[in-house]
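Visitor: If you scroll down you'll find the structure; I have some questions about it.
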Amino acid sequence: GGCNFCSLAFHQGRMVTSRSHESVIREVEQMTHHPLWKGYVSDVGGPTANFRGPSCKKQSKDGMCPLKHCLAPTPCKNLVADHRDYLALLRKLRAVPGVKKVFVRSGVRFDYVLCDKNSPFLSELVQYHISGQLKVAPEHCVDTVLGYMGKPPVAVYERFLDKYHALNARYGKAQFVVPYLMSSHPGSRMEDAVALALYLKAHNARPEQVQDFYPTPGTISTCMYHTGIDPITMKDVYVPTDAHEKAMQRALLQ
2 GGCNFCSLAF
12 HQGRMVTSRS
22 HESVIREVEQ
32 MTHHPLWKGY
42 VSDVGGPTAN
52 FRGPSCKKQS
62 KDGMCPLKHC
72 LAPTPCKNLV
82 ADHRDYLALL
92 RKLRAVPGVK
102 KVFVRSGVRF
112 DYVLCDKNSP
122 FLSELVQYHI
132 SGQLKVAPEH
142 CVDTVLGYMG
152 KPPVAVYERF
162 LDKYHALNAR
172 YGKAQFVVPY
182 LMSSHPGSRM
192 EDAVALALYL
202 KAHNARPEQV
212 QDFYPTPGTI
222 STCMYHTGID
232 PITMKDVYVP
242 TDAHEKAMQR
252 ALLQ
């Protein structure tokens with residue numbers, strides 16, 4: 002995914018890898034024999050649930066591009082967005098004897114969904130794989146802050162919401178979106194936190210989780226936090242470090 006504040010790439014590597022279908026199906030089949038099994042696979046997700054492999058042919062051959070993101074601020078022209086493998090896995094899991102429902106509760110990259118323009122993935126996700134609410138991570142609504150985060154502009158999130166709500170209406174479902182948000186990220190001023198609070202109110206959104214930015218070793222955001230400089234542009238960036246301001250930014254979102 003490449004978010005500037007996330008250290009997963011340092012723990013697990015920048016190139017996305019995934020388990021084989023056989024491995025996942027075997028685990029689910031084992032679960033169906035458990036005496037407490039109720040028929041529900043709780044989450045076939047992960048950090049990048051629907052983004053299951055290398056981003057492009059170049060990445061597979063030459064490795065990751067330095068100082069570039071695959072999806073933000075705009076999708077790379079070399080990005081290969083393809084949900085066919087993930088859809089095939091979900092369909093196989095739905096067909097396992099003893100399975101009533103297969104849910105995807107976490108990790109859906111909404112920006113990646115929009116890149117795969119003719120895919121039935123979102124339609125099938127809405128029909129079969131949501132247990133009342135879908136958790137996604139827009140993180141903020143102010144584009145300057147999103148830029149520092151390494152996230153796409155808020156318009157991308159809004160396009161996803163439009164498609165998501167339209168599909169829910171088509172299938173007669175009332176399934177909500179629960180946004181993950183972050184306060185006090187480098188670049189976020191008090192007026193940005195106020196703008197996000199007003200955005201949530203206007204959209205009648207009630208965030209389940211608000212994370213106050215926490216510096217983690219090795220990330221671009223942590224570099225901004227400690228130096229006050231964006232290492233990509235080498236320009237100064239505002240960093241909220243005052244405890245009172247950080248508490249206020251978080252409180253505005255809850």
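In the numbering used here, each residue's number is its place in the sequence shown (first place is 1) plus 1. Note that beta-carbon positions come from the ideal geometry of N, C-alpha and C, so glycine has one too. Everything numeric in this text was worked out from a predicted model, so none of it was measured.
Could you please give the first and the last residue of the uninterrupted beta strand (DSSP E) stretch that includes Asp-213?
Guide: 210-213 is the span of the beta strand (DSSP E), which, as asked, contains Asp-213.
Visitor: Is Leu-147 helix, strand or coil by DSSP?
Guide: Reduced to three states, the DSSP call for Leu-147 is helix.
Visitor: Using DSSP bridges, identify the partner residues of Val-137.
Guide: Pro-180.
Visitor: Are His-204 and Met-150 closer than 7 Å when you measure CB to CB?
Guide: For His-204 and Met-150, no; Cβs fall outside 7 Å.
Visitor: Thinking C-beta only, is Val-114 closer than 7 Å to Leu-123?
Guide: Result yes, Cβ atoms of Leu-123 and Val-114 sit closer than 7 Å.
Visitor: Taking just the CA atoms, how far does Arg-53 sit from Val-17?
Guide: Their Cα atoms are separated by approximately 6 Å.
Visitor: Going by C-alpha distance, which of Leu-94, Thr-242, Val-179, Val-100 is nearest Gly-133?
Guide: It is Val-179 whose Cα lies nearest to the Cα of Gly-133.
Visitor: Where does Val-25 fall in DSSP's three states?
Guide: Reduced to three states, the DSSP call for Val-25 is helix.
Visitor: Relative to the ligand GTP, is the shortest distance from any of its heavy atoms to the C-beta of Leu-115 smaller than 6 Å?
Guide: Absence of the ligand GTP is noted for the structure shown, with no ligands found whatsoever.
Visitor: Please identify the residue among Ala-10, Lys-69, Gly-99 whose C-alpha is closest to the C-alpha of Thr-33.
Guide: When each option's Cα is compared against that of Thr-33, the closest is Gly-99.
Visitor: By alpha-carbon positions, which one of Ser-189, Gln-210, Leu-254 ends up nearest to Pro-241?
Guide: The residue with the shortest Cα to Cα distance from Pro-241 is Ser-189.
Visitor: Considering only residues of the same chain and omitting the five flanking positions on each side of Leu-94, which have a CB-CB separation below 8 Å?
Guide: Excluding sequence neighbours, Leu-94 sits near Val-25, Ile-26, Val-29, Val-42, Val-45, Val-100, Val-103.
Visitor: Across the region 150-159 and the region 57-74, are there enough close Cβ pairs to call them in contact, namely three or more that are closer than 8 Å?
Guide: Yes, since at least three Cβ pairs between the region 150-159 and the region 57-74 fall closer than 8 Å, the two stretches touch.
Visitor: Rounded to whole angstroms, what's the CA-CA distance from Gln-250 to Ala-89? Just pull it up for me.
Guide: The straight-line gap from Cα to Cα measures roughly 42 Å.
Visitor: Look at the Cβ atom of His-130, then the Cβ atom of Val-105, and state whether they are nearer than 7 Å.
Guide: In this structure, Val-105 lies closer than 7 Å to His-130 by Cβ.
Visitor: Compute the beta-carbon to beta-carbon distance between Ala-82 and Asp-117, rounded to the nearest angstrom, for a pair I have assumed lies under 8 Å.
Guide: Right, their Cβ atoms sit about 4 Å apart.
Visitor: What residue range is occupied by the uninterrupted alpha helix (DSSP H) comprising Cys-71?
Guide: Premise fails: Cys-71 is in no alpha helix (DSSP H) and is neither H nor E.
Visitor: Starting from the N-terminal side, write out each stretch of the alpha helix (DSSP H) that is 4 residues or longer and does not extend beyond the region 150-174.
Guide: Listed in chain order, the complete alpha helix (DSSP H) runs (minimum 4 residues) inside the region 150-174 are 155-171.
Visitor: Answer with buried or exposed for Pro-121, where buried requires no fewer than 16 other C-beta atoms within 10 angstroms of its C-beta.
Guide: Result: exposed.
Visitor: Just mark Met-235 as buried or exposed, buried being the case when its beta carbon has 16 or more other beta carbons within 10 Å.
Guide: Classification for Met-235: exposed.
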